[in-house]
Amino acid sequence: MDEEKLVEALFLESAAWLGVEDATKQFVLMVRSWAMQQSMRMTRRLGPGYSYPIDGKQVMWDLTDQKPLFDLVDDPGMPVRLLESAAMLPKMSRSGLFGLIPT
Numbered sequence: 038m039d040e041e042k043l044v045e046a047l048f049l050e051s052a053a054w055l056g057v058e059d060a061t062k063q064f065v066l067m068v069r070s071w072a073m074q075q076s077m078r079m080t081r082r083l084g085p086g087y088s089y090p091i092d093g094k095q096v097m098w099d100l101t102d103q104k105p106l107f108d109l110v111d112d113p114g115m116p117v118r119l120l121e122s123a124a125m126l127p128k129m130s131r132s133g134l135f136g137l138i139p140t
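Mind the numbering: the sequence shown is residues 38 to 140 in this note's numbering, read in order.
Below, the structure written as structure tokens:
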């Protein structure tokens, strides 16, 4: 791949990631608004493949736990699929959970 194509690929990947970030923020705003109307608040997002501080320790949520999350979505037309490695295709996809807590 020549240098120009490499730079173009980098910009396209960055733009795709910004799109995922923006879609996630819009989703959070929508759910947060709904939750407030239901007298609830949202927790932060947790997702497989990331680590989180719990009781003073870093705990890793194993990426293979994507499979049970995908099993919750009963939509054969979903445009995201799970690979054997538990990575998602398209690459610029995001999964995870938010909790809702009564206020």
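Here a beta-carbon is modelled for each residue, glycine too, at the ideal position from N, C-alpha and C.
Taking 7 Å as the cut-off, is the C-beta of residue i nearer than that to any heavy atom in the ligand ATP?
i: Phe135; result: Of the ligands one can find in the structure shown there are none, so the ligand ATP has no counterpart to examine.
Under a Cβ-count criterion, where at least 16 other Cβ atoms within 10 Å of its own Cβ denotes burial, should residue i be classed as buried or exposed?
i: Gln103; result: buried
i: Pro85; result: buried
Could you work out which residue in the options is closest to residue i when comparing CA atoms only?
i: Phe64; options: Pro139, Thr140, Gly133 and Ile138; result: Gly133
i: Lys62; options: Ile138, Arg131, Thr140 and Asp39; result: Arg131
i: Met115; options: Glu121, Ser122 and Leu126; result: Leu126
i: Arg82; options: Gln74, Arg69 and Pro105; result: Arg69
Going by DSSP in three states, residue i sits in which element: helix, strand or coil?
i: Ser132; result: coil
i: Val68; result: helix
i: Met115; result: coil
i: Pro90; result: strand
i: Leu83; result: strand
Closest Cβ-Cβ distance between residue i and chain D: below 8 Å?
i: Met73; result: Checking the listed chains, one finds no chain D in this structure; it contains a single protein chain.
Output needed for residue i: all residues of its chain with C-beta closer than 8 Å, excluding positions within five of it in sequence on either side, in chain order.
i: Val57; result: Met129, Ser130 and Arg131
i: Met77; result: Leu137, Ile138, Pro139 and Thr140
Which residues in the same chain have their Cβ closer than 7 Å to the Cβ of residue i, if we skip the five residues on either side of it in sequence?
i: Thr101; result: Ala123
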